[in-house]
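Numbering (UniProt numbering), first residue to last: 1 to 379.
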């Protein structure tokens, strides 16, 4: 019998290994990644919203992934943003380089364009085969805030949402691209704040128990363009469109087009295809959510492998509390006598800690492949 294979990756605990089942990826069952109808979210009926909260809690504590339907964002907004994004990514490299992340004065490496062969999210897999355009929260685009609000943002908030004076990166892109994407971003901000309220119920809080933490939320966007890949190995490493990872923050709302390629690792070590479901968004939970729920809500490993023969486009919206906020394990999720596993940590500190952990892993272990597990961590 051949020895078991392991997936190695960075995590909040440092480098970890997960055993893999010796089976090819298979499509996820509805019981593994459920489709949850959000219609009750917009209802005045509290019992209906509470039932929705229980469905979300069930998904969050098992697979950590779900689809959401009936979210009230018109499909046309996603299609327009997708088409505009594809047009931009297909343009010549010279037309995209002005928006290169290295040109940002205040947010280098955080916002802007990244060309192919420049991202390597998991050093034990291949370099990511993708291009991306990233953007971080700017209250000027937030429908919750009027122009007069922007003049009175507290200093402790403002220091975490400072942007280049010229409006980089959007100032370096055509309006045909920026317009549809920012319009979709505004719609997702509205949806996310509604979703946060039912998540509060799912966490045992009052519906408005988290509202204040999302007045100036850390909502980042990544528009990812994935050309097709053919080979499954590259220099002995698994070839991937984006490497295996978990998300840093609370939850992610993902639009994926019809091409497919998203894969989710279940607790047994089986890769599951999270096939596109028309009219839905994918929701997955992140490391910070796992932390504040004392490990109950699951931050699940996932990756993208686009072997479809077609180009793929996705738009991810990463949701976190405002970076000026702090949070520990929520008392509402604890059973009687249960101890808290994690200390309180600031949101900014958490993000920086996760980034530094990934850097340390790449620096110290990126060129080696351990023969045995580095550590075992239940996702």
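Beta carbons: idealized from backbone N, C-alpha and C, even for Gly.
Helix, strand or coil, according to DSSP, for residue i in the structure here?
i	result
residue 381	This structure leaves residue 381 out entirely; the chain is present only between 1 and 379.
residue 17	strand
residue 288	helix
residue 283	strand
residue 379	The pLDDT assigned to residue 379 is 31, lower than 50, so where the model puts this residue is not dependable, and the model offers no usable value.
residue 100	strand
residue 380	Absent from the model: residue 380. The displayed extent of the chain is 1 to 379, so no value can be given.
residue 218	strand
residue 159	coil
residue 61	coil
residue 67	strand
residue 243	strand
residue 351	helix
residue 237	strand
residue 121	coil
residue 134	strand
residue 362	helix
residue 186	helix
residue 112	strand
residue 346	strand
residue 5	strand
Do residue j and residue i come within 9 Å of each other at the CB atom, strictly closer than that value?
i	j	result
residue 249	residue 211	no
residue 259	residue 306	yes
residue 12	residue 303	no
residue 294	residue 342	yes
residue 7	residue 299	no
residue 434	residue 177	Outside the shown range of the chain, which is 1 to 379, sits residue 434, and nothing can be said about it.
residue 263	residue 25	yes
residue 91	residue 114	no
residue 255	residue 78	yes
residue 172	residue 103	yes
residue 31	residue 202	no
Considering only C-alpha positions, which residue in the set the options is nearest to residue i?
i	options	result
residue 282	293, 129 and 28	28
residue 62	351, 284, 322 and 75	284
residue 46	114, 133, 207 and 82	207
residue 192	143, 342 and 35	143
residue 179	57, 345, 127 and 82	82
residue 137	246, 161 and 151	161
residue 22	337, 269, 340 and 132	269
residue 219	103, 77 and 184	184
residue 189	318, 344, 56 and 30	318
residue 169	228, 97 and 194	97
residue 73	146, 186, 18 and 52	186
residue 128	34, 229 and 56	229
residue 89	350, 116 and 233	116
residue 235	205, 124, 139 and 167	124
residue 349	339, 327 and 340	327
residue 58	126, 42, 69 and 36	36
residue 5	275, 141, 31 and 237	237
residue 251	65, 76, 34 and 355	65
residue 80	296, 344 and 182	182
residue 344	308, 329, 351 and 357	329
residue 157	166, 165, 139 and 164	139
Mark residue i as exposed unless 16 or more other C-beta atoms lie within 10 angstroms of its C-beta, in which case mark it buried.
i	result
residue 347	buried
residue 106	exposed
residue 325	buried
residue 331	exposed
residue 375	Low confidence applies to residue 375: its pLDDT is 37, below 50, so where it sits in the model is not reliable enough to give any reading.
residue 122	buried
residue 320	buried
residue 109	exposed
residue 175	exposed
residue 71	buried
residue 151	exposed
residue 132	buried
residue 372	Caution is warranted here: a pLDDT of 38 is assigned to residue 372, below 50, making its placement in the model unreliable, and the coordinate value is therefore given only provisionally. Residue 372 is exposed by the Cβ-count criterion.
residue 68	buried
residue 239	buried
residue 369	Confidence in residue 369 is poor, its pLDDT being 45 and thus under 50, which makes the residue's placement too unreliable to answer from.
residue 214	buried
residue 276	buried
Measure how close the beta-carbons of residue i and residue j come, nearest whole angstrom, since I'm counting them as under 8 Å.
i	j	result
residue 209	residue 222	Not a contact, Cβ separation roughly 28 Å.
residue 49	residue 198	6 Å
residue 216	residue 322	5 Å
residue 130	residue 241	6 Å
residue 85	residue 253	Wrong, their Cβ atoms sit about 16 Å apart, outside the cutoff.
residue 246	residue 301	6 Å
residue 361	residue 19	Not quite, the Cβ-Cβ distance comes to about 19 Å (not below 8 Å), so this is no contact.
Below 8 Å, is the gap between the Cβ of residue i and the nearest heavy atom of the ligand NAP?
i	result
residue 161	For the structure depicted, the ligand NAP is absent and the ligand set is empty, with no information on it obtainable.
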